[in-house]
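Q:
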Amino acid sequence: MLKKMQIKFIAILMCLMTLIMAIAFTATYTNTQYQLIEDSEEAMLNTLAGKEVSPPFYSDAKDNVSAIFTFYVMINSEGKIVKFHGENVKINDEAAFLKHLTDCFNSEDDKGITMNGDLRYMKKSVQNNTVIMFADRSIEKATLASLLKTFLFVSSGCLCAFFIISYILSKWLLSPIKNSMQQQMLFIADASHELKTPITIISANTDIIASHSEETVASQQKWLGYIKDEAQRMTDLLNNMIFLARNDSGTKQDIKTVVSLSDVVWDSVLPLESVAYEKNKTLTSDIEPDIKIIGDEKKLHQLVVILIDNAIKYANENGTVSVKLTSKQGKVKLFVRNTTDAAIPPEKIRHIFDRFYRVDSSRARKEGGYGLGLAIAKTIVDEHRAIICVKSSVEKGTMFTVTFHKQYTKKTKHS
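Using the numbering used here, the letters of the sequence shown correspond one by one to residues 117 to 531.
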């Protein structure tokens, strides 16, 4: 499909370019032709008025190549030639010239071109006589032919260059679409894979229950519990996928609400203290009060919870998770750090916000994650035009930093 789109894109651009060049050439050619006709007619009228001496008509002299050769013939009412002005004009084929002269004399048009196309003529009545003026078209035809050759040469080069540019431009423009399609295909494949496991577990437990139909519901609580857990996992997965799908659809609303980020972080930390305690980990916080930003309170709460929950899950045994919120020099920064026995490798950090990506896939099932939490966090950060970065080392632990820019921050004064 992308290949067809690329071919169509290039074809449309090439057609537009060809049309533009054709219009430009036609305008240039027509204007030049009109100017040459005017020059020829002016030269004929000047010859009739005796303003200049006509150069030899079929002269081979190269120094006269830029001149317009003109002459005229005066014919009376009886159709006889009474005057021929152009003593230096040499007529090679007198019979053919007389035929052209007769055709011009009998023509209803006052100006035009002779049958062989070599001469341009004008008719004018002077004292009951008809004067037929002629001008050689050699320069006119040579100029137009040269213009046509130049256009063909230049247009061929331009079209070749434009084709190359169009090809490169099409690849550049279609690259985001290609990447988006690949991400969607990967997203669908990963989602299918993630859904396959809970569906398999639910199906297996359902079969176990069905095979013991004589048993009571109370005796089947173990299998029913597994089914409920996997159903909840599927619900969470689908909710996360819906969130990301809505974001991908581009239906975003402008965020204009002033939110107390300090309160949001506090409200996120307090419920998670018990979660950390149950996992034998310590959660500490250092939250500067009265920090406000322009944002979506619900999504900001989701962001903070994702970062803290992720830090608790992947902190080392008996490790510490610290949360810090500060405002300095017009910027608000949220830090979430956990201690770790194994730092995130640099080559994996750049993929850490990819959907369904997990640094340690062996712990994913145990911790209940799908690899969508950080992707959602990155989406929320982007919606708030903030920046999120990650640094990880065994000595300093893993640190997530979210920076809200100055134009999106506002700190109230202490009362």
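Yeah, the Cβ is synthetic: ideal placement off N, Cα and C, and Gly gets one too.
(1) Name the DSSP beta bridge partners of S272, please?
(2) What three-state label does DSSP hand T134 in the structure shown?
(3) Could you pull out every residue in the same chain whose Cβ sits closer than 6 Å to the Cβ of I496, ignoring the five residues on either side in sequence?
(4) Three Cβ pairs or more, each shorter than 8 Å: is that satisfied between the region 257 to 275 and the region 134 to 149?
(5) Could you give the DSSP three-state label for V469: helix, strand or coil?
(6) My output table needs one value for R349: the three-state DSSP class, helix, strand or coil.
(7) Tell me the rounded alpha-carbon separation between S175 and F185.
(8) Compare the Cα-Cα distances from M133 to each of L275, A502 and D345 and report the closest residue.
(9) Assuming D234 contacts R253 (C-beta within less than 8 Å), just tell me the rounded distance between them.
(10) Drop a sphere of 10 angstroms on the beta-carbon of S509, count the other beta-carbons inside from all chains shown, and report buried for 16 or more, exposed for fewer.
(11) According to DSSP, is G202 part of a helix, a strand, or is it coil?
(12) Which runs of the alpha helix (DSSP H) fall wholly inside the region 204 to 250 and span at least 4 residues, in chain order?
(13) Alpha carbons only, please: which of S390, D406 and L399 is nearest the one belonging to D379?
(14) Along the chain, which unbroken stretches of the alpha helix (DSSP H) at least 4 residues long are found entirely within the region 384 to 459?
(15) Could you work out which residue in G513, T230 and S376 is closest to E413 when comparing CA atoms only?
(16) For K507, which residues from the same chain have a beta carbon less than 7 Å from its beta carbon, with the 5 sequence-adjacent residues on both sides left out?
(17) Considering only DSSP beta bridges, list what Y188 is partnered with.
(18) Kindly indicate which three-state DSSP category V518 falls into: helix, strand or coil?
(19) Determine the DSSP secondary structure at S329, reduced to helix, strand or coil.
(20) So what's G341 in DSSP terms, helix, strand or just coil?
(21) Less than 9 Å separating the beta-carbons of M297 and L118?
(22) Under the three-state reduction of DSSP, which class applies to G489: helix, strand or coil?
(23) Return helix, strand or coil for K124, following the three-state DSSP convention.
(24) In terms of DSSP beta bridges, what is K507 paired with?
(25) Once DSSP output is grouped into helix, strand and coil, what is the label at S193?
A: In terms of the structure at hand:
(1) Answer is none; S272 lacks a bridge partner.
(2) helix
(3) K415 and L419
(4) yes
(5) Checking the sequence shown, residue 469 turns out to be Phe, not Val. F469: coil per DSSP, three-state reduction.
(6) helix
(7) Confidence at S175 is low in this model, with a pLDDT of 38, below 50, so the placement of that residue should be treated as unreliable; the coordinate-derived value is given next. Going by the C-alpha atoms only, they are around 9 Å apart.
(8) L275
(9) 6 Å
(10) exposed
(11) coil
(12) 210 to 222
(13) D406
(14) 413 to 430
(15) S376
(16) M515
(17) H201 and M249
(18) strand
(19) coil
(20) helix
(21) yes
(22) helix
(23) helix
(24) M515
(25) coil
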